[in-house]
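J.: Protein chains in written order, with the numbering used here: chain A, 111 to 533; chain B, 111 to 533; chain C, 111 to 533.
From the three backbone atoms N, C-alpha and C, an ideal C-beta is built for every residue, glycine too.
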Amino acid sequence: MAVRVPFLNTACGAYHHRERPGPDEELTRVGPGTPCGEYLRRFWQPVILSDELRDVPRRLRIMGEDLVAFRDRSGTIGLLELHCPHRGTSLEFGLISDKGIRCCYHGWLFDTDGAILETPGEPADSTLRERLFHGAYPVREHQGLVFAYMGPPDTAPDFPILDTYDLPGYRMVARAPTVWECNWLQIKENSMDPAHLAFLHTLPGSQGFTEDLGALGEWDWMETPSGMVYIDTRRQGDRVWVRVADFIPPNIHQFPPNADPMAKRTVINRPAATTWAVALDDTHTMQIGYYRAPEGQEVRRGAGFGQDASRTYADRQRVPGDYDAQVSIHGGVARHSLEHLAATDRGVIMMRNMIRRGIRAVQEDADPMRADAPNGTAIPTFGHDRVVPGIPPATTPEEDRHVLREVARNVVTQMIRTSSARG
Amino acid sequence: MAVRVPFLNTACGAYHHRERPGPDEELTRVGPGTPCGEYLRRFWQPVILSDELRDVPRRLRIMGEDLVAFRDRSGTIGLLELHCPHRGTSLEFGLISDKGIRCCYHGWLFDTDGAILETPGEPADSTLRERLFHGAYPVREHQGLVFAYMGPPDTAPDFPILDTYDLPGYRMVARAPTVWECNWLQIKENSMDPAHLAFLHTLPGSQGFTEDLGALGEWDWMETPSGMVYIDTRRQGDRVWVRVADFIPPNIHQFPPNADPMAKRTVINRPAATTWAVALDDTHTMQIGYYRAPEGQEVRRGAGFGQDASRTYADRQRVPGDYDAQVSIHGGVARHSLEHLAATDRGVIMMRNMIRRGIRAVQEDADPMRADAPNGTAIPTFGHDRVVPGIPPATTPEEDRHVLREVARNVVTQMIRTSSARG
Amino acid sequence: MAVRVPFLNTACGAYHHRERPGPDEELTRVGPGTPCGEYLRRFWQPVILSDELRDVPRRLRIMGEDLVAFRDRSGTIGLLELHCPHRGTSLEFGLISDKGIRCCYHGWLFDTDGAILETPGEPADSTLRERLFHGAYPVREHQGLVFAYMGPPDTAPDFPILDTYDLPGYRMVARAPTVWECNWLQIKENSMDPAHLAFLHTLPGSQGFTEDLGALGEWDWMETPSGMVYIDTRRQGDRVWVRVADFIPPNIHQFPPNADPMAKRTVINRPAATTWAVALDDTHTMQIGYYRAPEGQEVRRGAGFGQDASRTYADRQRVPGDYDAQVSIHGGVARHSLEHLAATDRGVIMMRNMIRRGIRAVQEDADPMRADAPNGTAIPTFGHDRVVPGIPPATTPEEDRHVLREVARNVVTQMIRTSSARG
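1) Looking only at its own chain, which residues have a Cβ that is under 6 Å from the Cβ of C/S336, when we skip the five neighbours before and after it?
2) For C/P503, which residues from the same chain have a beta carbon less than 7 Å from its beta carbon, with the 5 sequence-adjacent residues on both sides left out?
3) Check the Cβ of B/H440 against every Cβ in chain A and list those closer than 8 Å, keeping chain order.
4) Provide the residue span of the alpha helix (DSSP H) that contains B/G347, from first to last.
5) Which residues, in order along the stretch 129–148 of chain C, keep a beta-carbon less than 9 Å from a beta-carbon of chain B?
6) Count the other CB atoms, across all protein chains shown, that sit within 10 Å of the CB of C/S184; report buried if there are 16 or more and exposed otherwise.
7) Nearest-angstrom Cα distance between A/E228 and A/R212?
8) By alpha-carbon positions, which one of C/F257, C/V350, C/V377 and C/M338 ends up nearest to C/G327?
9) For A/R164, does the count of other Cβ atoms within 10 angstroms reach 16, so buried, or fall short, so exposed?
10) In chain order, what are the residue ranges of uninterrupted beta strand (DSSP E) at least 3 long that sit wholly in the stretch 122–209 of chain A?
11) With a threshold of 7 Å on Cβ separation, who are the neighbours of B/T312 within its own chain once the five nearest residues in sequence on each side are excluded?
12) So, helix, strand or coil for A/W218, using DSSP?
13) Is it right to say C/G315 is buried, meaning 16 or more other beta carbons lie within 10 angstroms of its own, or is it exposed?
14) Check the C-beta distance from B/G431 over to B/Q417 and give it rounded, since I have them as a contact under 8 Å.
15) For A/E333, count the other beta carbons within 10 Å of its own beta carbon; 16 or more makes it buried, fewer makes it exposed. Which is it?
16) Using alpha carbons as the reference points, say which of B/P360, B/Q364 and B/D348 lies closest to B/I341.
17) Comparing C-alpha positions only, which one of A/R128, A/M173 and A/P248 sits nearest to A/A387?
18) Look up C/I341 in the DSSP assignment and give the residues it is bridged to.
19) Pair every Cβ in the stretch 148–166 of chain A with every Cβ in the stretch 258–266 of chain A, then say whether three or more of these pairs are closer than 8 Å.
20) Closer than 7 Å, Cβ to Cβ, to anything on chain C: give me those residues from the stretch 245–267 of chain B, in chain order.
21) Please classify C/F180: is it buried, with 16 or more other beta-carbons within 10 angstroms of its beta-carbon, or exposed?
22) Taking a contact to mean a Cβ-Cβ separation below 8 Å, would you say C/M302 touches C/G457 in this structure?
23) Using a cut-off of 8 Å between C-beta atoms, extract the partners of A/E449 located in chain C.
24) For C/Y423, count neighbouring Cβ atoms within 10 angstroms of its own Cβ and tell me buried if that reaches 16, exposed if not.
25) Can you tell me the Cα-Cα spacing of C/R466 and B/S447, whole angstroms?
26) Does DSSP put C/F312 in a helix, a strand or coil?
27) Whole angstroms are fine: how far does the CA of C/D392 sit from the CA of C/P142?
28) How is the beta strand (DSSP E) around B/Q364 delimited, first residue to last?
29) Going by C-alpha distance, which of C/S530, C/A286, C/M525 and C/R250 is nearest C/R380?
30) Got a sec: is the Cβ-Cβ distance from B/P233 to anything in chain C below 8 Å?
31) Between which two residues does the alpha helix (DSSP H) holding A/Q296 run?
32) Please work out which residues of its chain come closer than 6 Å, Cβ to Cβ, to C/G217, disregarding the five sequence neighbours upstream and downstream, and give them in chain order.
33) In chain order, what are the residue ranges of uninterrupted alpha helix (DSSP H) at least 4 long that sit wholly in the stretch 368–434 of chain B?
34) Just mark C/K374 as buried or exposed, buried being the case when its beta carbon has 16 or more other beta carbons within 10 Å.
35) Chain A beta carbons: is any one of them nearer than 8 Å to that of B/F117?
36) Tell me, which residues are paired with B/G492 by DSSP?
Listed below in structure tokens is the structure:
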């Protein structure tokens, strides 16, 4: 870990604060063989939309590996090493075939699992195609996303189904992925950081978040059977608004819907999105996943305000969004030893510890903590929001903060109990 | 040399195949002082078209060296180190003079051989210009190309004249150079690889190659007095089509014409092009040379289909060309230890061995093998195509392959004998 | 220091001259902790125009440090480390406040001296903002430029006022900065190099310099109380034109006006510009400063001919300017061991020695030589031009050169005496 630079305690003291320590290698490096890279590879990861696989192959970079994805004419999806095992030509120029993909240079044909089906031009008695495989990863298509498992084949986990994939009364669509030019971790940390809603997302000119969120909430965090949640709680009169967001290791989050004002909330809302931050390499991360909406409401399209780099620099300066606040951290890879974490960062600290435990488990050849469910049932998650009525304010603000916290913790605790009983 | 990664022998096994060894340094590095760079510098190399030398200097990068080429007003061509020996200003901003080139900054004047003609502002008794030379390389203009010799001055070889430079009945023109973003070797290997014609160049939508080439040929390779050839042989009825392509070390190839169908071929056709792959640096290579055509036919203009990066990515994916297949190999510099060479790659293996012998000869202070001819006669080369009539098929396909091979070898052997007798 | 490459003494000898030694690290590296970087940080440096500080923060890179500059709504200017000390978000996306700047992510508020004014969301009893400061540098606004002092706070020098800042009868404006893609030193060396005026600036098609400068001058250099000067002297009949340019360490120069022909010159002209070459990093340098003109004349606007990269490459090749001659030196950072300095480079040598003495003084914890003036008076500088009448030519050109030199030295010596008496 990097040396901690001095805590600066004088005005106009920048001259004494110029060391720039490196990032936390254990948590931020994602390539093959790195501790975090090996950890992330123990989970199914979405790599592309189903819809993006059409008549030509798609070149991908996932966790520092160059790959090609395609759907052959029989409908089977392949995810292969990018470069042909014969002479190295990129299969992004390969020809999609009835079965598998053919290298354009000399016509070798590869099946979706890496089997070599043809080596034209080689002698009839060549056994190369019986002995050699091209590198392939197993894939699974689910509701419009293509997932891959890039870890050791013999320890592949079951494909996880979250309870939010098939919610009665909700429609779900796969969303167009966006690439963020920064490390995966600082994106994910944002998901357990309710405090920024009270600033970044309620700036004048910002869109998509009710101004009710501009007031400081009562913030809390809890571990859950599938990871952890933040709890963001506010009061209006006798009504208490409890907002719960999931973090599901290693890189999923689910937020409750944020746009409607508290006064309009009458039902329990499950998450408006399920989002993965898939590391493309150490400094590029793909946000990909599902949007959902209650039947009768429109499902969001597009990346959302401030969720990409498409606005002008001037606009981004005037009304910054998530992309600007997160990507700009330390030039793309956070330097933790330059931070000064405080009370509002308890969730970030909890999350880092949870991820670090997973990384170290994998380093010791153990399974990392993984959200799971028995007998093919769906994995319970806890993200939602609701308004609890009939809670009169306490006599002092300080006491009321305790009340809000207790109400909110009870809500989550009850959900966990219910889910455990069902499991 | 890099460690060979495991031969992958399981489906969905990419996790076990993620090492990315480096390139073969001996064959691929071209800068000053590198083994391959020193080898390549023992040969005259074309560096620019005559026509490109006009009223302003031309900045060049050749084998990792920054140079400036110009033609002074007396018509003499100079190839000098880019940076002025006085204070380092780039001579790409120099002023072409009646004799030599003048640095724009302080007016020092350099002759085409590096002699310093003037150092204005210096005292009248300054002897600097008698004592100091600017770095220069000898050049030679030939049929529209400017060649340079960048090796040790005391071992400069004669300027080589190929027999294809002045073929009776053929017209020849220097072609516009194209830059390929990859190492020189993988471009050159393509020239001894007849197999790719049967795939890449006969894909639907591809241009410039008769579909007769889409059938597998009988492929063979032979050493010649000037290097090596591939022999690509096919049959139609009693007629046998023999296609011979030259590789002349270190980086010349000559292909027979490919566009006309076999049925139309009635004469012996000498090569349609003579092409050098000049290393600009380790990852950029210039294709430059001559096109030629029989009198009465048009000489090709432009780079040809798929011979550069000018098409859209989508078009290149749909109908890939040579540029796409070769440049995309392992991201620009082939990693030989990731390859799985097979029977069709015998020519590639022969070529690598031939180049490696040359590199090692130079490392041991010997002359590398160089195509040569006595008494100023032209160097014999062997690229051509012809149809041999009156060869009935053998009784089995396997036996016929032997027949084709024998016919073709006899053709080349006879050419070599004739050329030796003439020499 | 780099090994000196052989002095090349043969024609066509480039093969023996291919080593490319590195730059002089002591004089060219500008980052925190480097010898030259520490030296440059002992001086106030202009970093931005006052006019550029408006409604959004400005991201700056100065001597390899990433910073943000802004003017808060009370009018106070801040120059802070770019990244928020809380979680690292770039303050280029910060919100300018009534007092200080607020991070967009979680709302921490920083005063212009780095004091932390607010940490919203933190507990009421948090003492973080009393204990922690954000990194800040002291700034000073002067006549349209914002200057910063980036050295050790306890050894900050007085803000220097040059005598040219408030010349009776002259108007002065801050000029739009330009960025040159090269090291700071080679730009600054140009200022003590009168020889290039006789070539570069009087090329056909060049603008801004009278053709009188195209004749070789008599060139001399002298140390002064504020640094050094070059003296460029020419004759027309009995009139001697003496041009004097200042170099004021570490990176200021002042040139006399150059556009009018000698015949028109009747008065003493003080410098037309005061220019700093501020190192942004090792390979990018900002030219910034003041233009001035006698009352009634127009002050120059824009960068001037050849003073930036805005022209096409072809135009820059045809009529190169200062930018082309200086930036192109050795690809952006001069390699001194590839130079061959001569008589015309005596000023460059003097300047390098002066800078090196300053660097070494700082390395030994001493103060570097700094232009200074007692009791708040302005620092005397010596740049100007004048015509001295009534000096008949000597009998030989060689003797006349001595006459010119003596006249010119007397002019400067007299100025220095007068300034010392006044001080």
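T.: The answer reads as follows:
1) If we look at C/S336 and ignore the five residues flanking it on each side, its Cβ neighbours are I358, A481, I489 and T491.
2) R345 and D510
3) H193 and G198
4) Here B/G347 belongs to no alpha helix (DSSP H), and DSSP marks it neither H nor E.
5) E129 and R130
6) exposed
7) 9 Å
8) C/V350
9) exposed
10) 155–159, 168–172, 175–181 and 187–191
11) Annotation for B/T312: F319, E321, L323 and G324 place their beta carbon closer than 7 Å to its own, counting only its chain and skipping 5 residues before and after.
12) coil
13) With fewer than 16 other beta carbons inside 10 angstroms of its own, C/G315 counts as exposed.
14) 6 Å
15) Counting the other CB atoms within 10 Å of its CB gives A/E333 a total below 16, which places it among the exposed residues.
16) Of the candidates B/P360, B/Q364 and B/D348, B/Q364 places its Cα closest to the Cα of B/I341.
17) Answer by Cα proximity: A/M173.
18) Looking at the DSSP assignment, C/I341 forms a beta bridge with C/D330 and C/V354.
19) Three or more pairs of CB atoms, one per stretch, sit closer than 8 Å, so the stretch 148–166 of chain A contacts the stretch 258–266 of chain A.
20) The stretch 245–267 of chain B vs chain C, Cβ under 7 Å: G245, A246, Y247, P248, M260, G261, P262 and P263.
21) With 16 or more Cβ atoms within 10 Å of its Cβ, C/F180 is classed as buried.
22) yes
23) P195, H196, R197 and G198
24) exposed
25) 51 Å
26) It is Thr, not Phe, that sits at residue 312 of chain C in the sequence shown. C/T312 falls in the helix class under three-state DSSP.
27) When only Cα atoms are considered, C/P142 and C/D392 end up about 11 Å apart.
28) I362 to F365
29) C/M525
30) yes
31) In this chain, the alpha helix (DSSP H) harbouring A/Q296 covers W294 to E299.
32) P230
33) 423–428
34) exposed
35) yes
36) In the sequence on display, residue 492 of chain B carries Phe and not Gly. Answer by DSSP bridge pairing: none, since B/F492 is not bridged.
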